[in-house]
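Please read the structure below before turning to the comments.
Numbering (full-length UniProt numbering), first residue to last: 1 to 190.
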């Protein structure tokens, strides 16, 4: 996510957020986009997720109701996944829609969502929980780097009870940079 793309990605998220809000669809952004919104490092590949408290059909209807050509919604042909495309910039910005509970928490509410730059994002604890679970499934170095960023900056506010400890212990063994802040979180709960 090169710096030049950051404003376009925020524009895409704002347009999508407005359309979802008009349709009364509770939502929160996540993915590496959240790290960027928190002032952390982006990466070459854009990972922008929008978690919704509805099914894909309602999201597609919200996009169509917006009656704008700059945003479209399409199911992926290779999986049961919905992608929203923001056509204003070139190349367009893709946002993956995820159903709450599949990625992130089952409920999006003031305990699991926070506002960043006027957009809803997963709370740092819920974001870390989701990233650790994804890392546990696919052991991707980029996911680990996102977790390490959150650990180093927000260790004092992470709720240990929401973090999958076995996966996080494995991540800390694989990435020594995660060990000290992870131990600091665990010590807060002893």
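Cβ coordinates follow ideal geometry from the N, Cα and C atoms, glycine included.
Scanning the stretch 80-116 for uninterrupted beta strand (DSSP E) segments of 3 residues or longer gives 82-86, 93-99 and 113-116, listed from N- to C-terminal end. With 16 or more other Cβ atoms from the protein chains shown falling within 10 Å of its own Cβ, residue 143 counts as buried. A Cβ-Cβ separation of about 7 Å places residue 22 in contact with residue 62 under the 8 Å criterion. The stretch 78-90 and the stretch 6-26 touch, with three or more beta-carbon pairs separated by less than 8 Å. Here residue 129 is buried. Its C-beta has 16 or more other C-beta atoms within 10 Å. Taken through DSSP and simplified to helix, strand or coil, residue 26 comes out as coil. In the three-state reduction of the DSSP assignment, residue 9 falls in the helix class. Approximately 25 Å separates the beta-carbon atoms of residue 180 and residue 121; this is outside 8 Å, ruling out the contact. The beta strand (DSSP E) runs lying completely inside the stretch 164-190 and spanning 3 residues or more number zero. In the three-state DSSP reduction, residue 51 falls in the strand class (E or B). Restricting attention to beta strand (DSSP E) runs no shorter than 3 residues, the stretch 133-163 encloses none.
Look at the beta carbons and you see the stretch 133-147 touching the stretch 170-189: at least three pairs across the two are nearer than 8 Å. The beta-carbon separation of residue 53 and residue 12, rounded to 20 Å, does not stay under the 8 Å limit for a contact. The closest CA to that of residue 31, considering only 187, 126, 182 and 186, is found on 126.
Put simply, the backbone Cα of residue 118 is about 22 Å away from that of residue 149. Annotated three-state conformation of residue 74 is strand, per DSSP. Around residue 88, the same chain offers 70 as residues with beta carbons nearer than 6 Å, after the five sequence neighbours per side are excluded. With fewer than 16 other Cβ atoms inside 10 Å of its own Cβ, residue 44 counts as exposed. Classified as buried, residue 146 has 16 or more neighbouring CB atoms from the shown chains inside 10 Å of its CB.
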